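Under the numbering used here, think of the first position of the sequence shown as 12, with each following residue one higher.
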Amino acid sequence: MNSRGSSNRLSSSSSSGFGSRVSFLMFSMFATMAYFYIAGQLWQDAENRAYLVSELDSRTGQGNSAVSVDDTLKIIACREQQKRLATLQMELGKARQEGFVSKHLSEISGTHTKKKLLAVIGIITRFGHKNNRDAIRKAWMPSGEALKKLEDQRGIIIQFVIGRSANRGDSLDRDIYNENRLTNDFIILNDHVEASGEQTRKTKLFFIHAVDHWDAEFFVKVNDDLYVNIDVLGAVLTTHLDKPRVYIGCMKAGEVFSQQTDKWYEPDWWKFGDGKSYFRHASGEIYAISQSLAHFISINRSILRSYAHDDVSTGSWFIGLDVKHVDEGKFCCSSWVTGAICAAA
12 MNSRGSSNRL SSSSSSGFGS RVSFLMFSMF ATMAYFYIAG QLWQDAENRA
62 YLVSELDSRT GQGNSAVSVD DTLKIIACRE QQKRLATLQM ELGKARQEGF
112 VSKHLSEISG THTKKKLLAV IGIITRFGHK NNRDAIRKAW MPSGEALKKL
162 EDQRGIIIQF VIGRSANRGD SLDRDIYNEN RLTNDFIILN DHVEASGEQT
212 RKTKLFFIHA VDHWDAEFFV KVNDDLYVNI DVLGAVLTTH LDKPRVYIGC
262 MKAGEVFSQQ TDKWYEPDWW KFGDGKSYFR HASGEIYAIS QSLAHFISIN
312 RSILRSYAHD DVSTGSWFIG LDVKHVDEGK FCCSSWVTGA ICAAA
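Okay, here's the thing in structure tokens:
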């Protein structure tokens, strides 16, 4: 009995000692971890404090400055205000370019400069349409010195707009380069590959290129199968010089085709409601936009949505903006009106 009791007590004592050692080891481990964590936090705080001290010293010119909570908040607030001011200055500059700041305010600030050109006209053409281009040159587009004279005396630039071949440097590209050497009347979009279904992108790149290279009141898109009366076009555009954001054309709306077999199929047909009708937009044959809208396209180039047709796409870019839509009958090329600007070839 005594032997068994003694054995039990030894066993209990041994177990109790082992448990105590385990508890001590666990406590030591946690204590070590806590020590390193607290030391790390103190080190980080010390670095932050040193940074704030240097910031304060650079602003006050005083050495060995102590940084209070108030000083810290002032430094942080100052940095935030500087960021906000820089952002506002950038936004104001963009607004001036886009016409969202009045001319009076621009003149006061000394940023307004008199525009040199009335319009840049881009004739959208493509490979295999040399006959169209030659017909235009003979009918209404000056060549050589006369083209330069039109720019100098009347502030109108006219250029054919084309992209590059999918096989860079092939005969298609060479033909355009050779033609341009003789006529000097092309905008060649090096970042655009000529392909079916890419008309919207090509038109957008024309506006971007034109507004980046010329300071004009208006930018005009024209198809290469039209005859245009430059005199009438210039006269009509002049009557809208007082409108900072204007979109001029033969305004129309039409059916949205939802069947893939249709020639004018619109993949995004479901966005146009149950009536399946497009919003009002200018016919793609010819239309004009003011400089501020061209700047808007250039600035927002990466997020502007493209639909199946370039005229619908361009119209969609201005739906949510404060833009004056001008439905000008003289831009309706399919129906002849007195003093019309254009006629279909």
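The C-beta atom is built at its ideal place from N, Cα and C for all residues, glycine as well. Quick caveat, the model's predicted, so the values are computed rather than measured.
Let me make sure I understand the geometry here. Which of Leu315, Arg316, Ala354, Ala293 has the alpha-carbon closest to that of Asn339? Here residue 339 refers to the residue found at position 328 when the sequence shown is read from its first residue. Correcting the residue identity first, residue 339 is Glu in this sequence and not Asn. Nearest C-alpha to Glu339: Ala293.
Is the region 225 to 239 touching the region 182 to 191 in the sense that three or more CB pairs, one from each, lie closer than 8 Å? Contact between the region 182 to 191 and the region 225 to 239 is absent: fewer than three C-beta pairs spanning the two stretches fall below 8 Å.
On a Cα-Cα basis, can you pick out the residue from Asp322, Ser303, Ala206, Tyr318 that is closest to Leu332? Working through the sequence shown from its first residue, we reach residue 332 at position 321. Checking every option, the nearest Cα to that of Leu332 belongs to Ser303.
Pick out whichever of Val243, Phe217, Tyr258 has its Cα sitting closest to the Cα of Thr349. As a position in the sequence shown, residue 349 is number 338, starting the count at 1. Comparing Cα positions, the closest option is Val243.
Just how far apart, CA to CA, sit Glu190 and Lys213? Along the sequence shown, one-based indexing puts residue 190 at 179. Along the sequence shown, one-based indexing puts residue 213 at 202. Whole-angstrom Cα-Cα distance: 20 Å.
What are the partner residues of His336, as DSSP defines its beta bridges? Position 325 of the sequence shown, counted from the first residue, corresponds to residue 336. DSSP output for His336 lists Tyr258 as bridge partner(s).
DSSP on Ile219, reduced to helix/strand/coil? By one-based count along the sequence shown, residue 219 stands at place 208. If DSSP states are grouped into helix, strand and coil, Ile219 belongs with the helices.
DSSP three-state label for Ala206, please. Here residue 206 is taken as the residue at index 195 of the sequence shown, counted from 1. Note: Ala206 maps to coil in three-state DSSP.
Going by alpha carbons, who is nearest to Tyr298 out of Lys127, Gly133, Leu129? The residue labelled residue 298 in the question sits at position 287 within the sequence shown. Tyr298 has its Cα closest to that of Gly133, out of Lys127, Gly133, Leu129.
Euclidean distance between Cα positions of Trp328 and Val233: As a first step, residue 328 is located in the sequence shown; it is residue number 317 there, counting from the start. As a first step, residue 233 is located in the sequence shown; it is residue number 222 there, counting from the start. Straight-line Cα distance between these residues: approximately 18 Å.
Please go through the same chain and pick out, in chain order, the residues whose beta-carbon is closer than 6 Å to the beta-carbon of Ile300, but skip the five residues on each side of it. By 1-based counting over the sequence shown, the position of residue 300 is 289. The beta carbon of Ile300 lies closer than 6 Å to those of Phe230, Tyr258 in the same chain, with the five residues before and after it left out.
So the candidates are Gln170, Leu129, Val334; which of them puts its Cα closest to the Cα of Arg148? The residue you call residue 148 lines up with position 137 of the sequence shown. Checked all of Gln170, Leu129, Val334; the closest Cα to Arg148 is Gln170.
Write down the C-beta distance between Ala157 and Tyr238 rounded to the nearest angstrom, noting that I regard them as a contact closer than 8 Å. Translated into positions along the sequence shown, residue 157 becomes position 146. Translated into positions along the sequence shown, residue 238 becomes position 227. No, Ala157 and Tyr238 are not in contact; Cβ-Cβ is about 17 Å, not under 8 Å.
Ser345 versus Arg144: straight-line alpha-carbon distance, rounded: What you label residue 345 is simply residue 334 of the sequence shown in a count that begins at 1. What you label residue 144 is simply residue 133 of the sequence shown in a count that begins at 1. One C-alpha to the other measures close to 20 Å.
Give the DSSP-derived three-state secondary structure of Ser345 in the structure shown. Residue 345 sits at position 334 when you count from the first residue of the sequence shown. When secondary structure is reduced to three states using DSSP, Ser345 falls in the coil class, being assigned neither helix nor strand.
Which whole-angstrom value describes the C-beta separation of Phe342 and Cys261, a residue pair presumed to lie in contact below a C-beta threshold of 8 Å? Here the question's residue 342 lines up with position 331 in the sequence shown. Here the question's residue 261 lines up with position 250 in the sequence shown. So it is a contact: roughly 4 Å between Cβ atoms.
Measuring CA to CA, which of Thr325, Ala305, Val334 is closest to His220? Position 209 of the sequence shown holds residue 220. Ranking Thr325, Ala305, Val334 by CA distance to the CA of His220 puts Ala305 first.
Going by beta carbon distance, what residues of the same chain come within less than 8 Å of Thr249, once the five residues before and after it are set aside? As a working mapping, residue 249 is identified with position 238 in the sequence shown. Excluding positions up to five away in sequence, the list reads Leu129.
Nearest-angstrom Cα distance between His336 and Asp235? Residue 336 sits at position 325 when you count from the first residue of the sequence shown. Residue 235 sits at position 224 when you count from the first residue of the sequence shown. Those two C-alpha atoms are separated by around 24 Å.
For Gly295, count neighbouring Cβ atoms within 10 angstroms of its own Cβ and tell me buried if that reaches 16, exposed if not. Residue mapping note: residue 295 aligns to position 284 of the sequence shown, counting from 1. The residue in question, Gly295, is buried, as its Cβ has 16 or more Cβ neighbours within 10 Å.
Looking at the unbroken alpha helix (DSSP H) that takes in Phe307, where does it start and where does it end? The sequence position of residue 307 within the sequence shown is 296, counting from 1. First-last of the alpha helix (DSSP H) with Phe307: 302 to 310.
Counting C-beta neighbours from all protein chains within 10 Å, is the total for Leu392 16 or more, i.e. buried, or is it exposed? Limits of the chain in this structure are 12 at one end and 356 at the other, which puts residue 392 out of reach.
Could you spell out the range, first to last residue, of the alpha helix (DSSP H) harbouring Arg185? Start at 1 with the first residue of the sequence shown, and residue 185 comes out as number 174. For Arg185, the enclosing alpha helix (DSSP H) stretches over residues 182 to 194.
Would Ile167 and Ile199 be called neighbours here (beta carbons separated by less than 9 Å)? Taking the first residue of the sequence shown as 1, we reach residue 167 at position 156. Taking the first residue of the sequence shown as 1, we reach residue 199 at position 188. No, they are not a contact pair.
What residue does the beta strand (DSSP E) around Glu228 start on, and which one ends it? Walking along the sequence shown from the start, residue 228 turns up at place 217. Residue range 227 to 234 is occupied by the beta strand (DSSP E) that includes Glu228.
With a threshold of 16 other CB atoms inside 10 Å of the CB of Asp202, please say whether the residue is buried or exposed. For the purposes of this step, residue 202 is taken as residue 191 along the sequence shown, with counting starting at 1. Asp202 counts as exposed, since fewer than 16 other beta carbons sit within 10 angstroms of its beta carbon.
Could you please give me the residues that DSSP links to Gly133 through a beta bridge? Translated into positions along the sequence shown, residue 133 becomes position 122. Beta bridge pairing from DSSP links Gly133 with Gln170, Lys232.
What are the start and end residues of the alpha helix (DSSP H) that includes Leu252? For the purposes of this step, residue 252 is taken as the residue at position 241 of the sequence shown. Where Leu252 is concerned, there is no enclosing alpha helix (DSSP H), given that its DSSP letter is neither H nor E.
What does a CB cutoff of less than 6 Å around Gly326 pick up in its chain, not counting 5 residues either side in sequence? Taking the first residue of the sequence shown as position 1, residue 326 is located at position 315. Cβ neighbours of Gly326 beyond the five flanking positions: His292.
Can you check which of these residues, Val323, Arg316, Ala177, is closest to Gly265 by C-alpha distance? Taking the sequence shown and counting its residues from 1, the one referred to as residue 265 is at position 254. Checking every option, the nearest Cα to that of Gly265 belongs to Val323.
Rounded to whole angstroms, what's the CA-CA distance from Glu162 to Lys287? Just pull it up for me. The sequence position of residue 162 within the sequence shown is 151, counting from 1. The sequence position of residue 287 within the sequence shown is 276, counting from 1. Each residue's alpha carbon lies about 43 Å from the other.
Taking Cβ positions, are Ile135 and Phe217 nearer each other than 9 Å? Indexing the sequence shown from 1 puts residue 135 at position 124. Indexing the sequence shown from 1 puts residue 217 at position 206. Contact: yes.
Hey, how far is the Cα of Arg165 from the Cα of Pro153? Against the sequence shown, residue 165 aligns to sequence position 154. Against the sequence shown, residue 153 aligns to sequence position 142. Answer to the nearest angstrom: the Cα atoms are 13 Å apart.
Cβ neighbours of Ala351 in the same chain (closer than 6 Å, five flanking residues each side left out): In the sequence shown, residue 351 corresponds to position 340, counting from 1. Leaving aside the five residues that flank Ala351 on each side, the residues in its chain whose CB is nearer than 6 Å to its CB run, in chain order, Lys341.
Considering only DSSP beta bridges, list what Ala355 is partnered with. Along the sequence shown, one-based indexing puts residue 355 at 344. Beta-bridge annotation (DSSP): Ala355 is paired with Leu237.
Same chain only: Cβ atoms within 8 Å of Lys160, ignoring 5 sequence neighbours per side: The residue given as residue 160 occupies position 149 in the sequence shown. Excluding residues within five positions, the ones whose Cβ falls inside 8 Å are Pro153.
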